[in-house]
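Accompanying notes for the structure given below.
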Amino acid sequence: MTDESAGDDGEQAARTLDALSAERRKKRDVLADQGIDPYPSRFDRTATAAELHQRHDDLEADVRTGEIVRMAGRLTSIRGHGRLSFATLQDVSGSVQLLMQDSVLSEQAKLVLAHFDLGDWVGVEGEAITSRRGELSVDVRELWLLSKALRPLPDKWHGLAETDTRYRQREIDLLANPESRRVFDIRFRTIAALRRQLVSEDFIEVDTPILQPQAGGALARPFKTHSNALDIDLNLRIAPELYLKRLVIGGYERVFEMARNFRNEGIDTRHSPEYTGLEAYRAFGDVNDGMDLTERLVLEAARSATGRLNFTIGGRAIDLTPPWPRRQLLDWLEELVGRRLHPTDPVEDVRTVCESHGVPFLPEWGSGKLIFELYDSILLPTVVDPVFVCGFPVEVSPLARHSEDDPTLADRFELAIDGKEFTNGYSELNIPEEQQERFRGEAEAAAHGDLEAHPADQAFVRALEYGLPPTSGIGVGVDRLVMLLAEVEAIRDVILFPIMRPEATG
RNA sequence: GCGCCUCUAGCUCAACGGCAGAGCAACGGACUCUUAAUCCGCAGGUUCCGGGUUCAAAUCCCGGGGGGCGCACCA
């Protein structure tokens, strides 16, 4: 082919890959020249691999069923024996062995077989049989190319290992690494289970704005964008919370939304700038109903996606068996630091506790925020099995109702598992004046440079003035739940196409 | 943002100052019951990029890039 033509530096890097691709392209073109369409528009399948196994896995060796099936999938391996070849056909449900005998194949099938490569999509027609070794196979008589793989697949045994490529080209990861398929199967089953459970409890699925003039509903830094038509700056939402509560005000007593939130913050094994959040709001409920609902949702997801309640992540065993303990944050912290803390404590006192436990803090933080930091730094990491931590300072809960018996504490919980927050929920603050007051406090924090202060949302306050019934709300980190159920440690392993720097262009 | 690790054939990995190699995939050939098929043969490289040290650099040093992990902030 091309000789080493010096100076042609741009095209030399991919020379060997080009050669492999050219080989495959050539085979495709040979078939086309023989009148075989290498990209047919459709194919009728009569069985998937799983269906075939279900029907025939109990057969003895060397049996012919007489059943003619048409199957389709990707060819992932071939074992040639001269005029007899075995191959593996992989479809969405699993894989099945193909038996291809010269004496059985049609002329066209032989031609296709002679020009196929690992990775090609093919359709086959043949009799379901078992081989002499007893493996269920299709004794192929007709073989169609459905689409050519012009690039070679990763090593069939070792798969694809480089994380960079696995994330950037997830399609290769999925087709080459069964482990990756397993993880995402669990993800999709988890999402389906959460949705099914909520719908069965009469929650209505809604969709609220992602483009928001003000990014509210959580304490986080947003991504900024711009509307050309309106000539205004917009934010990608950090949470749907405020809009969902407005729907409750509007009369939808049970609503949920499961969709992407965006937070312009650090990326690590448990944080992704775009992640899937589930928020559910239920009129006439309180914080305890939120915990009950959370427990039902997580257990149903675990049961439905994995059939198990016991998991192991990084060597740590986690047991989801209910009921999960509900502990007061201040009680627990008292055990850990040896003294009773309270949001009304002088800030100097709480700072001292932080210092003695190596918890860094900023001068503008009040006692409530400091207590929350202690929770985050010294309590949360000790959690293994699920536990509901209840009673967070109002100072760090601008949208939560204050407790009946302590106005500085919110009726709020977090579900902690394996050192991570999985769910945050509370009795919703529905007193307009108090909400207005909380927003004022946040505005003050913003004025002092807090980039994550909650912006005052007057449309939300106005909505509250029409009356929000007593309401229980929860927010679930769906990706983290999937991480637990799939037993993986990196959030990127449960996100199909995690955000990456753009690939360098030559 | 700071620290540590990593980048070699399409894929998985060796070589760690002295000729850049193996397995799989590819290519040519043998083989009608294999399943990581086997056997014979043959090819395949800007060792992430740029500079430096050296008789000699994939290897050591400096700078840059991609990725991972840890620390700090958020879920």
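Start counting the first sequence at 2; every next residue gets the next number (the working numbering).
Using N, Cα and C, we set each Cβ at its ideal position, and we do this for glycine too.
Model, not experiment: these values are computed from the prediction.
Beta-carbon gap between residue i and residue j smaller than 9 Å
| i | j | result |
| --- | --- | --- |
| residue 239 | residue 260 | no |
| residue 537 | residue 389 | One cannot answer for residue 537 here, as it falls past the ends of the chain, which runs 2 to 507. |
| residue 427 | residue 400 | yes |
| residue 167 | residue 173 | yes |
| residue 297 | residue 474 | no |
| residue 489 | residue 424 | no |
| residue 134 | residue 62 | yes |
| residue 408 | residue 397 | no |
| residue 191 | residue 483 | yes |
| residue 372 | residue 347 | no |
Cβ-based burial, residue i [other Cβ within 10 Å; buried from 16]
| i | result |
| --- | --- |
| residue 229 | exposed |
| residue 98 | buried |
| residue 246 | buried |
| residue 264 | buried |
| residue 184 | buried |
| residue 496 | buried |
| residue 349 | exposed |
Nearest-angstrom Cα separation, counted from residue j out to residue i
| i | j | result |
| --- | --- | --- |
| residue 37 | residue 96 | 26 Å |
| residue 494 | residue 313 | 16 Å |
| residue 157 | residue 108 | 29 Å |
| residue 292 | residue 138 | 50 Å |
| residue 1 | residue 122 | Since the displayed the chain opens at 2 and closes at 507, residue 1 lies outside it and no answer follows. |
| residue 464 | residue 250 | 7 Å |
| residue 341 | residue 501 | 45 Å |
| residue 308 | residue 315 | 20 Å |
| residue 287 | residue 197 | 22 Å |
| residue 34 | residue 26 | 12 Å |
| residue 209 | residue 461 | 14 Å |
| residue 436 | residue 468 | 13 Å |
| residue 285 | residue 332 | 28 Å |
| residue 85 | residue 295 | 56 Å |
| residue 77 | residue 306 | 27 Å |
| residue 503 | residue 268 | 16 Å |
| residue 447 | residue 93 | 51 Å |
Cβ-based neighbour list, residue i, same chain, cut-off 8 Å, excluding 5 preceding and 5 following
| i | result |
| --- | --- |
| residue 1 | Given a span of 2 to 507 for the chain in the structure shown, any question on residue 1 remains unanswerable. |
| residue 66 | 57, 60, 128, 129 and 130 |
| residue 207 | 245, 248, 253, 256, 257 and 258 |
| residue 2 | Low local confidence applies: a pLDDT of 30 at residue 2 is under 50, so the model's placement there is unreliable, and no value is given. |
| residue 71 | 44, 45, 46, 47, 48, 124, 125 and 126 |
| residue 236 | 212, 213, 214, 215, 216, 223, 224, 225 and 226 |
| residue 148 | 39, 40, 121 and 122 |
Same chain, Cβ closer than 6 Å to residue i, neighbours up to 5 away in sequence not counted
| i | result |
| --- | --- |
| residue 449 | 365 |
| residue 110 | 143 and 144 |
| residue 5 | Any reading at residue 5 needs caution, since the residue's pLDDT is 31, under 50, leaving its predicted position unreliable; the model's value is listed next. For residue 5, where only same-chain residues beyond five positions count, there are no Cβ hits under 6 Å. |
| residue 404 | 410 and 412 |
| residue 382 | 420 |
Run of the beta strand (DSSP E) containing residue i, from where it starts to where it stops
| i | result |
| --- | --- |
| residue 366 | Looking at the DSSP string, residue 366 is not in any beta strand (DSSP E), and its letter there is neither H nor E. |
| residue 219 | No beta strand (DSSP E) contains residue 219, which DSSP labels as neither H nor E. |
| residue 140 | 137-148 |
| residue 394 | 388-394 |
| residue 328 | 327-329 |
| residue 289 | That residue, residue 289, is in no beta strand (DSSP E); its alpha helix (DSSP H) goes 288-307. |
Sequence-distant residues of the same chain with beta carbon closer than 7 Å to residue i, five excluded per side
| i | result |
| --- | --- |
| residue 337 | 379 and 380 |
| residue 330 | 376, 390, 391, 392 and 393 |
| residue 317 | 385 and 419 |
Endpoints, the alpha helix (DSSP H) within which residue i is located
| i | result |
| --- | --- |
| residue 54 | 50-57 |
| residue 187 | 179-201 |
| residue 482 | 479-487 |
| residue 74 | Counting along the chain, residue 74 falls outside any alpha helix (DSSP H), though it belongs to the beta strand (DSSP E) covering 65-82. |
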